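Each remark here refers to the structure printed beneath this line.
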Amino acid sequence: MIQFYRIGETLCFSNLTELPYEKIEEPREAKSLTWLFEREPGSCRASFLVNDEELLWAGTESVAWLNKNRLEENAKEKEEELPAWVRERIRDGAVRAVNHAHPRFHELLNWQEKKGKKRVHVLAIGDVGSMLLTGLHLLGGDVISSIGICDLSEQVTTRWEFEVNQIAYPWEYDALPEVDVVPAEKLFDCDVFVFVASKGIPPVGSGVKDVRMYQFENNSKIIGHYARMAREKNFKGLFCAVSDPVDPLAKTAFLESNKNEAGEFDWMGLLPEQIQGFGLGVMNARAAYYAKRDHRFSRFLTEGRSFGPHGEDLVIADSIEHYDDERSKELTKLTVTANLHMRSIGYKPFVAPAFSSGALSILLALRGQWHCGSVFLGGIYMGVKNRYTEHGLETEILRLPEPLYERILTAGKNLAAII
């Protein structure tokens, strides 16, 4: 049975029929609705856009939420008849789900997307950070008001403030966002925080095979520190994890920000959907690079998708509708080893990641456009096609071929085993 509620100015509906709120008749005139559900706060997103009615009955959040076939199977026994007008609101993208069991429920219920241009802060202006900063400055004038930069080295920030602010169109000197230096204590006085800090990448020729996991041990300590700082500052913006390995680092940020002073989880820190890992963009772009150069993979350019982490468990699909498992795995291998190819010719592979995973993907996210990024799905951060909307985070749902879905499941299990 579906019950409708009014909580302040928000019109809600739920299969939780005994909630302590004003019960109302069907508010058919409502332009938007909020679905109320209850799950353990650390197990799922606190809120999200309902872009498929099966999500209302899907139960435990997991990578199954990416698969239309699984959603339909899970909803067979639990599905209740929705009024036609509610289905219409779902099709219109005007239904948001909120976890009633979350300790910040009322804050979540009253959330509204912040309009206008965003203040962006970038932490660490090294190889990746400097390229990412350049991309945001050149391409982000429509959505970024200004950019603050922070680094351990004052010489580095002085250089890049001086350099980047001299990139300008003649006679349109305010067309590109201004760059300024911010101290560490003001890092979270912004709308978007971009974490590009890293303790170091093994030098070319070091023999380290999995550079990303080598970095995790050190970088997790750094991101944990800034995640706790975000909690202390009551940060409400988007927390972008760009340093490698982005997927477990995003989860580290989520977990560390949600511990109280005693080290206990109280879920009063960053919301899971407030954090996104930006690493899948370059993997998607690398797959496209090879697809343009080998006709066997050309379907990827119009029918393909990328899933999973920025690393060994990456999943490239040459096509969703005409999926070829063997060909997709071959394209995946080429994509995963592309960084090793760059290192073999004597260079660190940082330019393409800084732009494809960093600047371009972050700008798409700020514009509310589809992009590649790692979002929270049932306890892991999984790379998927997603976008932010005025009613919450939306992930793409597809009818996934079974062999492809099995690959995604394996990637999810391996991510869960890391942290």
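When the letters of the sequence shown are read in order and numbered with our numbering, they come out as residues 1 to 419.
For glycine and all other residues, C-beta sits at the position ideal for the given N, C-alpha and C.
Model, not experiment: these values are computed from the prediction.
*With a threshold of 16 other CB atoms inside 10 Å of the CB of I125, please say whether the residue is buried or exposed.*
buried
*Any 3 or more C-beta pairs closer than 8 angstroms across the region 256 to 269 and the region 291 to 298*: no
*asked:* I need the DSSP call for W57, collapsed to helix, strand or coil.
replied: helix
*Could you give the DSSP three-state label for W65: helix, strand or coil?*
helix
_Span separating the alpha-carbon of G141 from that of L33_ = 33 angstroms
*Where do the ends of the beta strand (DSSP E) carrying L301 lie?*
That residue, L301, is in no beta strand (DSSP E); its alpha helix (DSSP H) goes F300 to E303.
_Spatial neighbours of Y169 in its chain, beta-carbon cut-off 6 angstroms, leaving aside the 5 residues before and after_ = A175
*Got a sec, what are the start and stop residues for the alpha helix (DSSP H) N339 sits in?*
A338 to S344
*Whether E256 touches A227 by CB criterion (7 angstroms)*: yes
*Quick one: complete beta strand (DSSP E) runs, 3+ long, within the region 331 to 415?*
371 to 377, 380 to 389 and 392 to 395
_Measuring straight from C-alpha to C-alpha, what distance separates R421 and A58?_
Because residue 421 is not part of the residues shown, which for the chain are 1 to 419, the question remains open.
*Candidates Y173, C190 and G379: closest to I149 by CA position*: C190
_Only counting the same chain, and skipping five residues up and downstream in sequence, which positions put a Cβ closer than 8 angstroms to that of E80?_
M1, I2, N15 and W57
_What residue range does the beta strand (DSSP E) around F4 cover?_
Q3 to I7
*Take H371 and list the residues in its own chain whose beta-carbon comes closer than 6 angstroms to its own, dropping the five residues that flank it on each side.*
S361, L364 and A365
*asked:* Considering Cα atoms alone, identify which of G383, N67, S153 and E40 is closest to H100.
replied: E40
*Among the residues of its own chain, which have a CB less than 8 angstroms from the CB of W85, if the five just before and after it don't count?*
E26 and R28
*Would you kindly report the start and end of the unbroken beta strand (DSSP E) that includes D180?*
E178 to V181
*Does the region 393 to 412 come close enough to the region 278 to 287 that 3 or more CB-CB pairs lie under 8 angstroms?*
no
*Where does E88 sit, in a helix, a strand or coil, going by DSSP?*
helix
_Status (buried if at least 16 other CB within 10 Å, exposed otherwise) for H137_ = buried
*What's the C-alpha gap between E390 and V164?*
32 angstroms
*Which residue or residues does DSSP assign as beta-bridge partners of T34?*
C12 and R96
*Of all the options R327, E261, T60 and P83, which has the alpha carbon lying nearest to the alpha carbon of Y74?*
Contrary to the premise, residue 74 reads as Asn rather than Tyr in this sequence. Cα-wise, what sits closest to N74 is T60.
*How many angstroms separate the CA atom of I7 from the CA atom of Y21?*
6 angstroms
*Is it the case that the CB of N386 approaches a heavy atom of the ligand HEM more closely than 6 angstroms?*
Absent from the structure shown: the ligand HEM. Ligands present: none.
_From M131, T134 and A46, residue whose alpha carbon lies closest to that of H102_ = A46
*So, V50 versus I90, is the Cβ gap smaller than 7 angstroms?*
yes
*Decide yes or no for the touch test of the region 328 to 336 against the region 109 to 128: beta carbon pairs closer than 8 angstroms, at least 3 of them.*
no
*CB S243 to CB F195, shorter than 7 angstroms?*
yes
*If you drop the 5 nearest sequence neighbours on each side, which residues of the same chain put their C-beta closer than 6 angstroms to that of V351?*
M131
*Selected residue, minimal CA-CA separation from D127, among D324, K221, P309 and V156*: V156
*Taking V192 as part of the alpha helix (DSSP H), name the residues at either end of that continuous run.*
Counting along the chain, V192 falls outside any alpha helix (DSSP H), though it belongs to the beta strand (DSSP E) covering V192 to F195.
_Which of helix, strand or coil DSSP assigns to V282_ = helix
*On the three-pair Cβ rule with 8 angstroms, is the region 397 to 407 touching the region 302 to 322?*
yes
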